[in-house]
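Numbering (the numbering used here), first residue to last: -3 to 477.
In structure tokens:
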């Protein structure tokens, strides 16, 4: 499906010959539609009083200021100017933190909308969803999750940190709500009775009507979460004790029934444990990756050392040393190709894409090695066959011939699939897709036969048979003799 979307995107771009400016349009300004794309911790733009600022570097050097800035990432924060003095966005905050190089330019008018542009953007979003997030998105999400989990227990245990909240609710008989009842209260404000915008915070129910038009984060943030439990989102931002007390005094209208309460203290503990476990797993993967690199380098060093130590010419009646080295490298490539295919079948997203890339590269390398092996074999001596039963000799001969066929069909079928998906010309796209599926079907079936039938027989049974007869199978093909 991702390949189909890529082919459609290529056709649209080729037909329209479009160029999308990343920063400025023809009027010299930056439209808000462009600002909205930069809404991530590692790519954060904010529009403020007609000017666009890039606050990405600021977030790196001032992580304690992440929450109020990210609340407006990719948006126009002018409506909140100076509502909270000393906090983003305000004049005192700008004087203290803002640097001239953060200014990107002035906000410009929106460019004319082309339907093809919208279609291309939608296809790009769908492609990102299918292929998984980028490496930057993954690292940013992990950092944000780790930061939240680090402080989760202290943030979510609200009544423990703010004892005054207990005093406000003490002695009051608050109405009980179910989550289903709260879900019906999604607004809009001023609507018929029974639809007022409600929100659940720490198992309490609040009416947001009085908070609209005065919330520092804007009305859209509130209304988008109306009718839901927004406790986790609420705790992502800094809310003072004074604001929480005022919230309970003015907005509190009820609480959830005890059966539907959430134990936020236990929840935060679990999040902390999960985050610690995830960090430990990530550290283990990084450690194993570094050790794997060391192991590969050590193997290359040993291979070069043994090759240097065993460089004397061999008899013309046996395989040449070059052909022996090629046999060894082909064996490494074959198992690398099979291993990458198995790894790709067990992963998703970006990891799957990486393994498939390795699989394709090793497949092309095997095709090249097969051709080179053919020429080396023509110039090399051929050792005599091991003695044995005529039937066994015939099976071995057919197995060797099957090896050449399999090693030719596998990369060619994979390349045919890529060709019909990416490079095949013609108006009949359905026919190209059908050819691509047929090529992939052949590639998959032949690969399974190669893995489950040929390898176990040729490298397992026949090798064990000759070894049991006291014959040096490894010595016959090893380059280190």
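Using N, Cα and C, we set each Cβ at its ideal position, and we do this for glycine too. It should be emphasised that the depicted structure is a prediction, and the values quoted were computed from it without experimental measurement.
Quiz item: In whole angstroms, what separates the C-alpha of residue 460 from that of residue 6?
Solution: 52 Å
Practice problem: Decide if residue 260 is buried, meaning its Cβ has at least 16 other Cβ atoms within 10 Å, or exposed. | Solution: The residue is buried, with at least 16 neighbouring Cβ atoms inside 10 Å.
Quiz item: Just how far apart, CA to CA, sit residue 183 and residue 416?
Solution: 51 Å
Quiz item: Is the region 444 to 463 touching the region 29 to 44, taking contact as three or more C-beta pairs under 8 Å?
Solution: no
Exercise. With DSSP as the reference, please indicate the residues paired to residue 195 in a beta bridge.
Key: 202
Exercise. May I have the straight-line CA-CA distance separating residue 449 from residue 442, to the nearest angstrom?
Key: 10 Å
Quiz prompt | Whole-angstrom C-beta distance between residue 49 and residue 98, which should lie under 8 Å | solution = 5 Å
Quiz prompt | Bridge partner(s) assigned by DSSP for residue 252 | solution = 173
Quiz item: Near residue 532, which residues of its chain fall below 7 Å by C-beta distance, leaving aside the five closest residues on each side in sequence?
Solution: No information on residue 532 is available, as it lies outside the stretch -3 to 477 that the chain covers here.
Quiz item: Can you round the beta-carbon distance between residue 505 and residue 224 to whole angstroms, since I take them to be within the 8 Å contact cut?
Solution: In this structure the chain extends from -3 to 477, so residue 505 is not present and cannot be described.
Quiz item: How do the region 214 to 228 and the region 275 to 294 stand: do at least 3 beta-carbon pairs fall below 8 Å, yes or no?
Solution: no
Practice problem: On a CA-only basis, which of 82, 393, 105 is nearest residue 25? Give me that one, please. | Solution: 105
Quiz item: In terms of alpha-carbon separation, which member of 406, 89, 419 lies closest to residue 439?
Solution: 406
Practice problem: Locate the alpha helix (DSSP H) running through residue 231, then write down its first and last residues. | Solution: 227 to 231
Quiz item: What number of angstroms, rounded off, separates the C-alpha of residue 85 from the C-alpha of residue 432?
Solution: 54 Å
Practice problem: Run the CB neighbour count on residue 242, radius 10 Å, all protein chains shown included, and call it buried at 16 or more, exposed below. | Solution: exposed
Self-check item: Anticipated Cβ contact below 8 Å, residue 73 with residue 44, distance rounded
Solution: 5 Å
Quiz item: Closest by CA to residue 323, which one among 476, 429, 418?
Solution: Nearest to residue 323 by alpha-carbon distance, out of 476, 429, 418, is 476.
Quiz item: Are the beta-carbon atoms belonging to residue 194 and residue 217 less than 8 Å from one another?
Solution: no
Practice problem: Measure the CB-CB distance between residue 473 and residue 304 and report whether it falls below 8 Å. | Solution: no
Exercise. Please report the Cβ distance between residue 207 and residue 63, rounded to the nearest whole angstrom; I am assuming they are in contact, meaning their Cβ atoms lie under 8 Å.
Key: About 19 Å separates the Cβ atoms of residue 207 and residue 63, ruling out a contact at the 8 Å cut-off.
Quiz item: How long is the line joining the alpha carbons of residue 32 and residue 169, rounded to whole angstroms?
Solution: 45 Å
Quiz item: Between the C-alpha atoms of residue 210 and residue 204, what's the straight-line distance to the nearest angstrom?
Solution: In a straight line, the C-alpha of residue 210 is about 11 Å away from that of residue 204.
Exercise. Check residue 302 in the structure and name its three-state DSSP category.
Key: Helix at residue 302.
Exercise. Would you grab the beta carbon distance between residue 180 and residue 251 for me? Rounded to a whole angstrom, and I think it's under 8 Å.
Key: So it is not a contact: roughly 17 Å between Cβ atoms.
Quiz prompt | Rounded separation between residue 353 and residue 94 - CA only | solution = 43 Å
Quiz prompt | Own chain, CB closer than 8 Å to residue 1, minus 5 neighbours either side, in chain order | solution = 119, 122, 123, 126, listed in sequence order.
Quiz item: For residue 435 versus residue 412, is the C-beta distance shorter than 8 Å?
Solution: yes
Practice problem: Kindly list the residues whose CB is nearer than 7 Å to the CB of residue 246, restricted to its own chain and excluding five residues on each side of it in sequence; keep chain order. | Solution: 206
Practice problem: Jot down the residue ranges of each uninterrupted beta strand (DSSP E) in the region 45 to 119, minimum 3 residues, whole runs only, in chain order. | Solution: 47 to 50, 99 to 102
Self-check item: Helix, strand or coil at residue 290 [DSSP, three-state]
Solution: Residue 290: helix per DSSP, three-state reduction.
Self-check item: Uninterrupted alpha helix (DSSP H) stretches inside the region 435 to 476 (no shorter than 4 residues)
Solution: 458 to 464, 469 to 473
Quiz item: How far does the alpha helix (DSSP H) with residue 25 in it reach, from first residue to last?
Solution: Looking at the DSSP string, residue 25 is not in any alpha helix (DSSP H), and its letter there is neither H nor E.
Quiz item: Which first and last residues belong to the alpha helix (DSSP H) in which residue 216 is found?
Solution: 215 to 220
Quiz item: Leaving out the 5 sequence neighbours to the left and right, which residues in its chain are closer than 8 Å to residue 372 when beta-carbon positions are compared?
Solution: 316, 318, 319, 322
Self-check item: Inter-residue CB distance, residue 446 and residue 396 (contact presumed, cutoff 8 Å)
Solution: Not confirmed; about 14 Å, so no contact.
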